[in-house]
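Chemist: For the sequence shown, UniProt numbering begins at 1 and goes up steadily by one. A virtual CB, placed ideally from N, CA and C, is assigned to each residue, including glycine.
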Amino acid sequence: MIGPDWVALRREFPSLGKISYLNTCSLGLLSKRCRDATERYLDLWLELGASAWYSHWMNEMTSLRAEFSTLISSKIEEIALVPSISAGLTAVSSSLDFSNRYKVVTTELDFPTLAYHFSALQAKGVETVIVPSDDGVTVDIERLAEQVDEHTALLATSRVFFTTGWIQDVTALSKICKRTGTLLLVDDYQATGQVPLDIRKSGIDILLTGGLKWLLGGSGISYMYVRNELISSLQPTATGWFAQRDQFSFKIDSTEYKEDARRFESGTPSVSAVYAGKAGVSLINEIGVENIRVRTLNLTKHLAEKLYENNFSLRIPLDLDQHASITMIETREPRRVVEQLREKEIIVDSRPGGVRLSPYFYNDENDIAKVVSSLVEIREATPEFDNPKRS
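1. So if DSSP puts G203 in a beta bridge, which residue, or which two residues, is it bridged to?
2. Over the uninterrupted alpha helix (DSSP H) stretch that includes V274, give me the two end residues.
3. Cα separation between T163 and P112?
4. Just to confirm, is the Cβ distance from V160 to I316 under 9 Å?
5. Kindly indicate the opening and closing residues of the beta strand (DSSP E) around T128.
6. Alpha carbon to alpha carbon, how far is S31 from T255?
7. Taking the alpha-carbon of L64 as reference, which of L215, T180, V139, I206 has the nearest alpha-carbon?
8. When you compare the CB positions of E259 and F242, do they come within less than 9 Å of one another, or not?
9. Let me know if V7 comes out buried or exposed under the rule of 16 or more other beta-carbons within 10 Å of its beta-carbon.
10. Anyone know if the C-beta pair for I206 and M224 falls short of 9 Å?
11. Given that a residue counts as buried once 16 or more other Cβ atoms are within 10 Å of its Cβ, and exposed if not, what is K251?
12. Specify the secondary structure class of K75 as computed by DSSP and reduced to three states.
13. In the DSSP assignment, what residue or residues form a beta bridge with Q244?
14. Where does L155 sit, in a helix, a strand or coil, going by DSSP?
15. Quick one: Cα of L44 to Cα of D36, how far?
16. Just grab the DSSP bridge partners of K103 for me.
17. Between S233, E77, I368, T157, which lies nearest to K306 when the distance is taken from Cα to Cα?
18. Exposed or buried, which one is M58 when buried takes at least 16 other CB atoms within 10 Å?
19. Would you call P352 buried or exposed, if buried means 16 or more other Cβ atoms sit within 10 Å of its Cβ?
20. Assign H151 to buried or exposed, taking buried as 16 or more other Cβ atoms, counted over all protein chains shown, within 10 Å of its Cβ.
21. How is the alpha helix (DSSP H) around R379 delimited, first residue to last?
22. Work out the CA separation of V372 and F385 for me, nearest whole Å.
23. Between R356 and D5, what straight-line distance do the alpha-carbon atoms span, to the nearest angstrom?
24. Evaluate contact between the stretch 233-242 and the stretch 88-107, counting only Cβ atoms and requiring at least three cross-stretch pairs below 8 Å.
25. Does V139 come out as helix, strand or coil in the three-state DSSP assignment?
26. Using the three-state DSSP reduction, which class does N23 fall into: helix, strand or coil?
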């Protein structure tokens, strides 16, 4: 079987003719397909105005839900479109009764939105438990299991940690949750599109992710999966007219939610983001996440090997097969290094204590060689580059 033509796919991203881009973990590159889709939206707005809602835009939303359901092997009825993960979390938490199950368990390596959101519910009796990491890279599953009990409403965590690239075993986490009837909510922003997922086999109850990064759809569009058997029991109080069964009846004497996951949608969506989002997800589906995983893992292993050869200190898992693309290089001056690389037309990012690199399928070995050699030059010219010893 012939695999994807990575050289041809690289040409789909015009930016790569000018820069070396290793920052998909922050923002996926703009593809020709995505730009064309956004222009189609603008053309329809220009030609049809509001009539485009009925002739095109509502159908485009349905098509995007179907495209995303294919990506994660779910049913379309289990998919909602939301503007952000924060909005999705609000819909979820407004659906839950925290009176008896008042605990939410998360980890210190998860993106802070999870802790921010549930900690803000303290006034409503929600207790947020943040499980620490022993090594700064992974989280011991047994430490998570110790915190999940009959009072736990949610275990809210990520499939891939945003600073270390560690891939958690969500199937094992699901089994822990099932012992106590706890729901498993997964922030999948750093995994969807680069690490394969069969949602039914995973046991995940609720999944949130978005188009900004690996799904190549830009900002303003996120995706929410809710397990079919769970949907009818959840009635969000954070709602809007797109969540109503007959949204165009404009009746206000009762609230009747849609019967599927669309009940978690709220107000009028950003249609331009819907068009861009579909372009991104469709491209990922055509390439195949399994193919992307092989390609990206090979590039990431090559990057790690070259960095280790040059004596850089990395904050990544020892087992690279349990590692996604994100590769953290420890340094005292991460923002300064990012700027120095930008001056060399290499785009990366920083997080506290490190420079963050993230190869994707559209990168190649030349990108790896360029960033490694540039980092060596910067370190030689920057005595304060080396990271302080960990406490």
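Modeler: Working from what's here:
1. Answer by DSSP bridge pairing: none, since G203 is not bridged.
2. 271-287
3. 11 Å
4. Cβ distance not < 9 Å, so V160 and I316 don't count as in contact.
5. 127-131
6. 41 Å
7. L215
8. no
9. exposed
10. yes
11. exposed
12. coil
13. Y257
14. strand
15. 12 Å
16. E127, T152
17. I368
18. exposed
19. exposed
20. exposed
21. 365-381
22. 14 Å
23. 27 Å
24. yes
25. coil
26. strand
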